[in-house]
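Have a look at the structure below before the remarks.
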Amino acid sequence: MRSLLSKSALVLLTASALGAAGLAFAHGDVVPQAVNTDGLPQVKGPLEENPYRANKDKKVVAKAVEIGSSAYNQNCARCHGLGAVSGGIAPDLRMLPAGVDGDEIFSQRIRHGSVRNGVTYMPPFEGTFSESAIWAIRSYLDSVHVDE
Ligand code: HEC
Numbered sequence: 011m012r013s014l015l016s017k018s019a020l021v022l023l024t025a026s027a028l029g030a031a032g033l034a035f036a037h038g039d040v041v042p043q044a045v046n047t048d049g050l051p052q053v054k055g056p057l058e059e060n061p062y063r064a065n066k067d068k069k070v071v072a073k074a075v076e077i078g079s080s081a082y083n084q085n086c087a088r089c090h091g092l093g094a095v096s097g098g099i100a101p102d103l104r105m106l107p108a109g110v111d112g113d114e115i116f117s118q119r120i121r122h123g124s125v126r127n128g129v130t131y132m133p134p135f136e137g138t139f140s141e142s143a144i145w146a147i148r149s150y151l152d153s154v155h156v157d158e
């Protein structure tokens, strides 16, 4: 009985330590990483629609997805999950509406973040990301889109 008790106490301790570490990781002050968009046609904005989506050159679209994937992993995955599969802290970005409807939600949010009553739920990325970097990330999210 004794050993059983201490074992469950240990499990509890470990679980709460992991939980705290997970939260600190998710909401810690991580400096936004600038995104190198070399190799992409550069765009100027603010645009309201993904300029790469309609590009007829498949290589441009592929490059946008590649750059966007790396930028997503460095700047968004800690809250929105690896591969855009949400762990529950923040919305699952695979389910953003496809096309221009999703572009609008995306564009507002990535530029301005989410700040309510002085609490930053999501930092703004305007000023950190170029317009090209913003739409490269959207291109990556397009590539992992699923219907709800
Ligand atoms: C510190 C955690 C955090 C980081 C980092 C973060 N987000 Fe968010 N994001 C959130 C939270 C929390 C919400 C929900 C905000 C709300 O409901 O007010 C959200 C909402 C969004 C939404 C709106 C989703 C919807 O369904 O309405 C988009 C789009 C989004 N984030 C994109 C991004 C992108 C792209 C990045 C990286 C460049 C990013 N976020 C980085 C926490 C984060």
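Numbers in the working numbering are just positions in the sequence shown, counted from 1, shifted up by 10. For every residue, glycine included, the Cβ atom is placed at its ideal position computed from N, Cα and C.
Between residue i and residue j, how many whole angstroms is the CB-CB distance? I'm expecting something under 8 Å.
i	j	result
residue 120	residue 78	The pair is not a contact, with the Cβ atoms about 11 Å apart (cut-off 8 Å).
residue 102	residue 95	7 Å
residue 130	residue 44	With a Cβ gap of about 20 Å, residue 130 and residue 44 do not count as contacting.
residue 75	residue 141	So it is not a contact: roughly 17 Å between Cβ atoms.
residue 65	residue 152	12 Å between Cβ atoms; not a contact.
Beta-carbon within less than 8 Å of residue i's beta-carbon, same chain only, minus the 5 sequence neighbours each way: which residues are those?
i	result
residue 70	50, 51, 62
residue 135	42, 85, 120, 121, 123, 144
residue 117	56, 57, 58, 144, 148
Take residue i and list the residues in its own chain whose beta-carbon comes closer than 6 Å to its own, dropping the five residues that flank it on each side.
i	result
residue 100	89, 90
residue 108	155
residue 132	123, 124
residue 97	91
With DSSP run on the structure shown, which of helix, strand or coil describes residue i?
i	result
residue 124	strand
residue 95	coil
residue 129	strand
residue 135	coil
residue 143	helix
residue 110	helix
Enumerate in chain order the residues of its own chain whose CB-to-CB distance from residue i is below 7 Å, with the five nearest sequence positions on each side excluded.
i	result
residue 150	75, 78, 79, 82
residue 73	49, 50
| Entirely enclosed alpha helix (DSSP H) segments - the stretch 41-105, minimum 4 residues | Here the runs fully enclosed are 68-85, 87-90.
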